[in-house]
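For reference, the structure discussed in these notes is given below.
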Amino acid sequence: MELVSNPIPPSRTPRSRTRPTSAPESSALPARPSPAGSKPPRDISIDLVRAGSLIVVVFVHALMVGVTVGPNGLVTGNALSGVPWFAAVTWVLQVMPLFFIAGGFSAITSRRRLAAAGGTAGEFIRARLLRLLVPASVMIAVVGAALAVFGQLGVPARILADAGFHIGQPLWFLGVYIGYSALVPVMVWLHGRARLATPAVLLACALAVDIVRLGTGVELIGYLNLAFVWLFVQQLGFFVADDALARYSVRSRLFVAGAVLAALVTLTATGAYSANMIVNLNPPTICLALLGIVQLLVFSVVRHRIRTWAGAPPRRAVLSALGARAMTVYLWHMSAMLILVGAMALLRMPLPAPRSADWWLTRPAWLAAAALLTFAAVRVFGRFEKIPDAGKSPGTLRAATGAACGAAGIVVILVAGFTPSTAFVALTLVGFALMAVTPGARRSA
Numbered sequence: 001m002e003l004v005s006n007p008i009p010p011s012r013t014p015r016s017r018t019r020p021t022s023a024p025e026s027s028a029l030p031a032r033p034s035p036a037g038s039k040p041p042r043d044i045s046i047d048l049v050r051a052g053s054l055i056v057v058v059f060v061h062a063l064m065v066g067v068t069v070g071p072n073g074l075v076t077g078n079a080l081s082g083v084p085w086f087a088a089v090t091w092v093l094q095v096m097p098l099f100f101i102a103g104g105f106s107a108i109t110s111r112r113r114l115a116a117a118g119g120t121a122g123e124f125i126r127a128r129l130l131r132l133l134v135p136a137s138v139m140i141a142v143v144g145a146a147l148a149v150f151g152q153l154g155v156p157a158r159i160l161a162d163a164g165f166h167i168g169q170p171l172w173f174l175g176v177y178i179g180y181s182a183l184v185p186v187m188v189w190l191h192g193r194a195r196l197a198t199p200a201v202l203l204a205c206a207l208a209v210d211i212v213r214l215g216t217g218v219e220l221i222g223y224l225n226l227a228f229v230w231l232f233v234q235q236l237g238f239f240v241a242d243d244a245l246a247r248y249s250v251r252s253r254l255f256v257a258g259a260v261l262a263a264l265v266t267l268t269a270t271g272a273y274s275a276n277m278i279v280n281l282n283p284p285t286i287c288l289a290l291l292g293i294v295q296l297l298v299f300s301v302v303r304h305r306i307r308t309w310a311g312a313p314p315r316r317a318v319l320s321a322l323g324a325r326a327m328t329v330y331l332w333h334m335s336a337m338l339i340l341v342g343a344m345a346l347l348r349m350p351l352p353a354p355r356s357a358d359w360w361l362t363r364p365a366w367l368a369a370a371a372l373l374t375f376a377a378v379r380v381f382g383r384f385e386k387i388p389d390a391g392k393s394p395g396t397l398r399a400a401t402g403a404a405c406g407a408a409g410i411v412v413i414l415v416a417g418f419t420p421s422t423a424f425v426a427l428t429l430v431g432f433a434l435m436a437v438t439p440g441a442r443r444s445a
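Each residue of the sequence shown is one higher than the last, beginning at 1 in full-length UniProt numbering.
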């Protein structure tokens, strides 16, 4: 199972003679920065995008779970694989570009606010890594221990390997996000100095990678686009933070969105790219970059309406609660679904064949049960997302080293599979990462 920009930049301020020519500790500030130490109100439209994207991802994963009983026991797979109509649906359900756009908005907003208050790049990276790695380390430790216990209890290695694969697969996002967190200060600096050139170069590199991959047939080359595609989409989020598209009429934005969508349809119609946008996720292709542009433009058109609708106190409270535990939901939703599968098998409950009439009839109950188990996991493990700000700020190099160690730990699981051994190696690397970004107790004022 797989998971499921402004053409004319604002005028640049002429460079001061004293401005450094390399990326400084404090990245470029916005044109109208908030006073140091102040915290601007959250953008509820971004909160809704992030929460909605997370719900869609969990929903798609839940629908993809297909479990049957074969001659050798349980057999799991993608229940929607090969379904003709599903490819068309993925053009709406593929929300990862939109999620990265929202992430780019949050990243540049946080970085600018911290820089305005005198914070360093190392301090920014530390805050991001703590939010990502602490809950991840708990999940890796618990799942690794559970796999070891079930192995000792005699659960077949094939079933454990299958479970580990499905639990670990969504971690690709965490690995990418860790790397991007370390690059945010640099990308924000580039945005301030090469507002259009930066995304243009990233998009050109993504296209070049696709051309080489398609020309040589070497799929491994395509994974270079884990950098180029997602960094490009993150840069789109910077334009949202600048509110740069508001100067263009709704008609102009929708016209460009339609033109980009037409180009995307043409690319997939040629057969060079899959029409399934989830297939285009692995490895990432330029199709996701184009889809991100379309999603950005449409979002810019409806952003005001989203703010109005989501700004009601009850909805704002729900979005705030979900946002505070978003990482826990993402980390644990697959484990919750596999626990549900195991419970159904132990209780000898019927497991209808995927896409059969009985399978579709039982999906509402399945989705509700998966949601309840995920909620239970959030209640138990959600506390690890609230990390106190302790320790002095690390230097930029030390923080970047921590990010590299954290990303390496996730890559170990993605490449070698989720087993007790790989969990131990990953935890060791994550431990090094956390030590790197928390070098000691904060000095007393």
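C-beta: ideal position from N, C-alpha, C; glycine also.
Any 3 or more C-beta pairs closer than 8 Å across the segment 222–236 and the segment 202–209:
Short answer: they touch.
Measure the C-alpha to C-alpha separation of asparagine 78 and glycine 66 and round it to an integer number of angstroms.
Distance between the alpha carbons of asparagine 78 and glycine 66 is about 6 Å.
Are three or more beta carbon pairs between the segment 97–117 and the segment 182–193 nearer than 8 Å?
Counting Cβ pairs under 8 Å, three or more are found: they touch.
What are the start and end residues of the alpha helix (DSSP H) that includes tryptophan 199?
In the sequence on display, residue 199 carries proline and not tryptophan. Judged by DSSP secondary structure, proline 199 falls within the alpha helix (DSSP H) whose first and last residues are 197–216.
When you compare only the Cα positions, how much space is there between leucine 3 and glycine 82?
With a pLDDT of only 41 at leucine 3, under 50, the local geometry of the prediction cannot be trusted, and the value read off the model is given with reservation. About 16 Å.
Member of Val294, Thr285 and Ser252 whose CA lies at the smallest distance from the CA of leucine 214
Of Val294, Thr285 and Ser252, the residue nearest in Cα terms is Thr285.
Is the segment 293–306 in contact with the segment 351–360, if contact means three or more CB pairs nearer than 8 Å?
Counting Cβ pairs under 8 Å, fewer than three are found: no touch.
Measure from the alpha carbon of leucine 296 to the alpha carbon of each residue in Gly258, Val134, Ile159 and Thr396, then state which is nearest.
The residue among Gly258, Val134, Ile159 and Thr396 with its C-alpha nearest the C-alpha of leucine 296 is Gly258.
Would you grab the beta carbon distance between glycine 175 and alanine 407 for me? Rounded to a whole angstrom, and I think it's under 8 Å.
About 5 Å separates the two Cβ atoms, so the contact holds.
Spell out the partners DSSP gives asparagine 78 in its beta bridges.
For asparagine 78, DSSP records a beta bridge to Val65.
What is the DSSP secondary structure of leucine 174, reduced to helix, strand or coil?
Helix, per DSSP.
Residues near valine 288 by beta carbon distance below 6 Å, same chain, minus five either side:
According to the sequence shown, residue 288 is leucine rather than valine. Hits under 6 Å: Pro97, Val229 and Asn280.
Where do the N-terminal and C-terminal ends of the alpha helix (DSSP H) with arginine 111 fall, by residue?
In the DSSP annotation of this structure, the continuous segment of the alpha helix (DSSP H) that includes arginine 111 starts and ends at 96–116.
Serine 421 to alanine 136, Cα distance in whole Å?
Rounded to the nearest whole angstrom, the CA to CA distance from serine 421 to alanine 136 is 16 Å.
Residues that DSSP places opposite leucine 231 in a beta bridge:
Bridge partners of leucine 231: none, in fact.
Let me confirm a value: proline 314 is counted as buried when at least 16 other C-beta atoms fall within 10 Å, else exposed. Which label applies?
By the 16-neighbour rule on beta-carbons within 10 angstroms, proline 314 is exposed.
Candidates His304, Thr266, Leu133 and Gly144: closest to alanine 404 by CA position:
Considering only alpha carbons, the answer is Leu133.
Evaluate tyrosine 330 with the Cβ neighbour count: other Cβ atoms within 10 Å of its Cβ, from every protein chain shown; 16 or more gives buried, anything less gives exposed.
Counting Cβ neighbours within 10 Å, tyrosine 330 comes out buried, since at least 16 surround it.
If you reduce the DSSP assignment to three classes, tell me which class residue 472 lands in.
Nothing about residue 472 can be read from this structure; the chain reaches only from 1 to 445.
Since glycine 335 is in the alpha helix (DSSP H), which residue starts that stretch and which ends it?
Here the sequence assigns serine to residue 335, which means glycine is not the residue at that position. For serine 335, the enclosing alpha helix (DSSP H) covers residues 326–346.
Quick check: the segment 366–384 against the segment 163–181, are at least 3 beta-carbon pairs closer than 8 Å?
No: the two stretches stay apart, fewer than three of their Cβ pairs being nearer than 8 Å.
Work out the CA separation of alanine 62 and alanine 377 for me, nearest whole Å.
Roughly 16 Å between the two C-alpha positions.
Using a Cβ-Cβ cutoff of less than 8 Å, which residues in the same chain neighbour serine 53 once the five nearest sequence positions on both sides are dropped?
Only Val95, Met96, Leu98, Phe99 and Ala102 meet the Cβ criterion.
Could you spell out where the alpha helix (DSSP H) holding tryptophan 366 opens and where it closes?
Residues 363–381.
Smallest Cα separation from alanine 127: which of His166, Ser181, Leu74 and Trp85?
Out of His166, Ser181, Leu74 and Trp85, Ser181 has the C-alpha closest to the C-alpha of alanine 127.
Under the three-state reduction of DSSP, which class applies to serine 53: helix, strand or coil?
Here DSSP, grouped into helix, strand and coil, assigns serine 53 to helix.
Return helix, strand or coil for leucine 429, following the three-state DSSP convention.
Here leucine 429 sits in helix by DSSP.
What three-state label does DSSP hand serine 181 in the structure shown?
Correct three-state label for serine 181: helix.
Beta-carbon spacing of threonine 90, asparagine 225 below 8 Å
Not closer than 8 Å, so no.
Give the secondary structure of methionine 277 by DSSP, where H, G and I count as helix, E and B as strand, and everything else as coil.
Three-state result, methionine 277: coil.
Let me make sure I understand the geometry here. Which of Val49, Ala148, Leu114 and Arg113 has the alpha-carbon closest to that of leucine 93?
Residue Val49 holds the alpha-carbon nearest to the alpha-carbon of leucine 93 among Val49, Ala148, Leu114 and Arg113.
Over the uninterrupted alpha helix (DSSP H) stretch that includes glutamine 152, give me the two end residues.
Under the DSSP assignment, glutamine 152 falls in the alpha helix (DSSP H) whose first and last residues are 121–152.
Give me the Cα-Cα distance between leucine 160 and leucine 129, rounded to the nearest whole angstrom.
Going by C-alpha positions, leucine 160 is about 29 Å away from leucine 129.
Around the Cβ of threonine 76, are there at least 16 other Cβ atoms within 10 angstroms (buried) or fewer (exposed)?
By the Cβ neighbour-count rule, threonine 76 is buried, with 16 or more other Cβ atoms within 10 Å of its own.
Between which residues of its own chain and leucine 429 is the CB-CB distance below 8 Å, once the five residues before and five after are set aside?
Hits under 8 Å: Cys405, Gly406, Ala408, Gly409 and Val412.
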